[in-house]
């Protein structure tokens, strides 16, 4: 039974040995994606793309229920559009792909060279506030046209210097919502409402517990008035942002001239918001749930729910085993797991001893082995991905069919609970600067082991203090919790008076 | 009742007056899309994007049923990849957007200029054979890895000089399927199978009748061995391609080194295919069905099925009318129209006389007016988009609910039948060169009226003849019908012997 009888793990190295390399190996072993020959760009393979499709479908329904409509805007942004909002262009100029020519022609040496210089360079969208703002300025003229609630699913490009698959890639897929409102409070409500939707996605679907809060000024989206964020703890105890929602005030409305005539016939600027999540969420799923045997997929968005593995040792058994397998598949597929039909894979590759391990590495929630002996007993041999690879049990076929939904729900719940326990175990209230520095300093500098976590510590609100901690420890304020208790204390950096704790962590 | 009592049309100019301008005005009046400030790129507005989403969902299900899986590949293609297949690069070099820099920085005059020159220019994908081929070369090593059946939904860029919204835009959305096979015949079967799926989409969903056939050599996809196509007749009697599927032989496999070890342990090249449809299909819907009052949407993929327009003339009626409207909406939405729930809009804008006309222009299949008098009779006042704007009838509410699905089916069928009659009326067997030239020559050269159609004429198979007709008349061979009868005749261009007729037409 392959690795089944050995103590070794399916992924080498393990998390504790080399976390960064473990991550790459999980991505490879699970067949989610691969690096492409184009610098920093990835190829999302079918197993990974199915995950993204499921995330998309869940979010899309939630968006549409709140009145949001999908649309599509150009990939290219004229340079002058980006320049309209000073902080915004400052934030993106350093990492944008620029289109300068519109054809290739034969050069002197016979190879093709760029030709047909564009009058104005075009930037491949890193985000679309400015190009969508341009449309909004034409779509809005009266208060009756508001609110505008628009979302687009698309690719964006940010020319990152150091890339890591799913977490930081030059091109990634995302959705970006953009809304315009007549009333400030309505725009702020929308900003928070979308953050709540992301929280629901993270916790109820991805099984990733998140903290919800606001970013400090230095961590805001370029040009935003307020940026709200979800922060999750990965298994190396670093934070990963799993959704952001921005209240843009009237800044982008001014930049793009989104004006409307109010009921009092005055011409005023609209209030806008934007919000997005990306394929980075797949990185969050991996780093929250995967273990030393590979990926572990939350059933609510798993690429597939169940794999059936017929075991045929003698040709004579083939018909019986395959008939049993197909009839089981049919009955499973006829059921719903929440809003989606149960998705079933049949792995009938011949004479492949490592089948079970392939599916463990791919993180499928439930594995079912079907051999002549199981069939004789009208039972199936079931392994769950939230349990050890050898912890398999025989279950009567009919009972398995009846309880599959409950089993998937249990797996989903176990995954969330484990992640929550992990986060709570690694979240500390810290009051002294010495403890704070010790918390974020690896004990062995040569080979930095996993350390730190979320520190709830006091901050005076001063950017210099934030900057000092970032320089000293590479630790940043992940978020300011909205419901943090008022509590007097001393700033962890300068010792000045502070009225509240914020969440500090190392981050992706 | 606004334009309702006048003889004039909602769209100016009409089709017969100025077809090209009529098209632009239909797009504008229906709120499908708009031109963007970025040359040749469009903004797809919610009403148009919903149409694309419906097309996507229908196709995606059909693809997946045949074993195709979705994935995602990089937007950027290194120049050297494109160069690997000579005909392919020749076909796309003249119209590609080239990324040459990866940041913007402040220039001498303070404005931002492109900086950070890339080592190798990157082309924004015009199509992805070469970049996907690169992945395939890594994914395939044994015959057991084949077939590979992959599709991606994405944006592509072809820098067109003359653009027309939906029909020819610099950026457009599409799906591109790419498959690799061990056996030549299997690849050819797949090529034709996907064309059949496109035919089903066109005829059963878009209500667009199509001819199915093969392209002549000069009209093939750059690098393909065979290109198969669907051709539809627009209302100006020109042809529009509504799907193509390419058998690529081993040409792209050689270019990308897609090799596998056969069962006999020989290393051989795979056989590949590619196939795609794009947002151009929305242009086909408009030009097949729209009339002088605007868009007409086929119910099977309509952005929405029914609009309810409450009519409230006295404030006292409001509650009754709105309650009636919402309960009707609820009952309609509870039903399925084929695979999709019935989509219902409620237009409760106040005191807006042109409401009905707005929805006629948007092409919604069914309009329902609900006033106090209708409610008193427990009936609704219904207009169908496949009938005249004033041809409305009172229907008992419960009967309307019971028959809505049948009504939508009738509309769908009427639309297809009308389009088919139109095509047949404008398809002619032509045998003399004189008749052929007369068929494709407008009677008034000053203001070319709508003329021509599909000519079934003999062609000897010689490219010179094809070229001559193209030069003289801007007429091309749209396709060679696979099931054309063997029939001796004389080539319409040179008079030489020919064994079959092909379809000639002017085209988009």
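Protein chains in written order, with our numbering: chain A, 4 to 511; chain B, 4 to 511.
Using N, Cα and C, we set each Cβ at its ideal position, and we do this for glycine too.
Asked	Found
I want to verify the contact list: residues of chain B whose CB lies under 9 Å from the CB of residue 166 of chain A, in sequence order.	Going along chain B, no residue has its Cβ under 9 Å from residue 166 of chain A, so there is no contact; the nearest lies around 12 Å.
Closer than 8 Å is the cut-off here; do at least three beta carbon pairs connect the stretch 401-411 of chain A with the stretch 207-223 of chain A?	no
Check the DSSP bridge columns for residue 500 of chain A and list the partner residues they point to.	A:493
Beta-carbon within less than 6 Å of residue 464 of chain A's beta-carbon, same chain only, minus the 5 sequence neighbours each way: which residues are those?	none
Hey, would you say residue 509 of chain A sits closer than 8 Å to residue 443 of chain A, going by beta carbons?	yes
Are any of the Cβ atoms in chain B nearer than 8 Å to that of residue 496 of chain A?	no
Just to confirm the assignment, what range does the beta strand (DSSP E) spanning residue 158 of chain A have?	151-160
Can you pull out the residues from the stretch 55-82 of chain B whose beta carbon lies closer than 7 Å to at least one beta carbon of chain A?	56, 72, 73, 74, 75, 76, 77, 78, 79, 81 and 82
So, at 6 Å on beta carbons, what are the nonlocal neighbours of residue 377 of chain A in its own chain, with the 5 sequence-adjacent residues on each side left out?	383 and 384
Might you give, ordered along the chain, the residues of its own chain that have their beta carbon closer than 6 Å to the beta carbon of residue 494 of chain B, omitting 5 neighbours on each side?	461, 462, 463, 468 and 501
Got a sec? Which residues, its chain only, sit under 8 Å from residue 491 of chain A by beta carbon, not counting five neighbours each side?	500, 501 and 502
Helix, strand or coil for residue 309 of chain A, going by three-state DSSP, please let me know.	strand
Give, in chain order, every residue of the stretch 128-144 of chain B whose Cβ lies closer than 8 Å to some Cβ of chain A.	134, 137, 138 and 141
Alpha carbons only, please: which of B:124, B:87 and B:118 is nearest the one belonging to residue 105 of chain A?	B:124
Can you check whether the C-beta of residue 600 of chain B is within less than 8 Å of a C-beta belonging to chain A?	Residue coverage of chain B in this structure runs from 4 to 511, which leaves residue 600 of chain B outside it and unanswerable.
Between which two residues does the beta strand (DSSP E) carrying residue 248 of chain B extend?	242-250
Within the continuous alpha helix (DSSP H) that includes residue 27 of chain B, where are the two ends?	22-33
Going by beta-carbon coordinates alone, are residue 348 of chain B and residue 408 of chain B separated by less than 8 Å?	no
Taking Cβ-Cβ distances below 9 Å as the criterion, which residues of the stretch 175-188 of chain A are in contact with chain B?	176
DSSP three-state call for residue 370 of chain A: helix, strand or coil?	strand
For the beta strand (DSSP E) containing residue 79 of chain B, name the first residue and the last one.	79-81
Rounded to whole angstroms, what is the Cα-Cα separation between residue 292 of chain B and residue 425 of chain B?	11 Å
Taking 8 Å as the CB-CB cut-off, is residue 383 of chain B touching chain A?	no
Would residue 121 of chain B pass as a contact of residue 102 of chain B if the rule is Cβ separation under 8 Å?	yes
For residue 359 of chain A versus residue 312 of chain A, is the C-beta spacing smaller than 8 Å?	yes
Answer yes or no: does any C-beta atom of chain A fall closer than 8 Å to that of residue 11 of chain B?	no
Compare the C-beta of residue 362 of chain B with all C-beta atoms of chain A and state if any pair is closer than 8 Å.	no
With 8 Å as the threshold, decide whether the Cβ of residue 52 of chain B is near any Cβ in chain A.	yes
Identify which residue in A:480, A:422 and A:185 has its Cα closest to the Cα of residue 239 of chain A.	A:422
For residue 271 of chain B, does the three-state DSSP call read helix, strand or coil?	strand
Give the interface partners of residue 529 of chain B over in chain A, defined as CB-CB distance under 7 Å, in chain order.	Chain B is shown from 4 up to 511; residue 529 of chain B falls before or after that span and cannot be answered.
Going by CA-CA distance only, name the one from B:226, B:243, B:266 and B:237 that's closest to residue 250 of chain B.	B:226
Just how far apart, CA to CA, sit residue 447 of chain B and residue 454 of chain B?	10 Å
Is it true that the stretch 192-208 of chain A meets the stretch 272-280 of chain A, where meeting means three or more beta-carbon pairs spaced less than 8 Å apart?	yes
Less than 8 Å between CB atoms is the rule here; does residue 310 of chain B satisfy it with respect to chain A?	no
I need the straight-line Cα distance from residue 389 of chain B to residue 380 of chain B, nearest angstrom please.	26 Å
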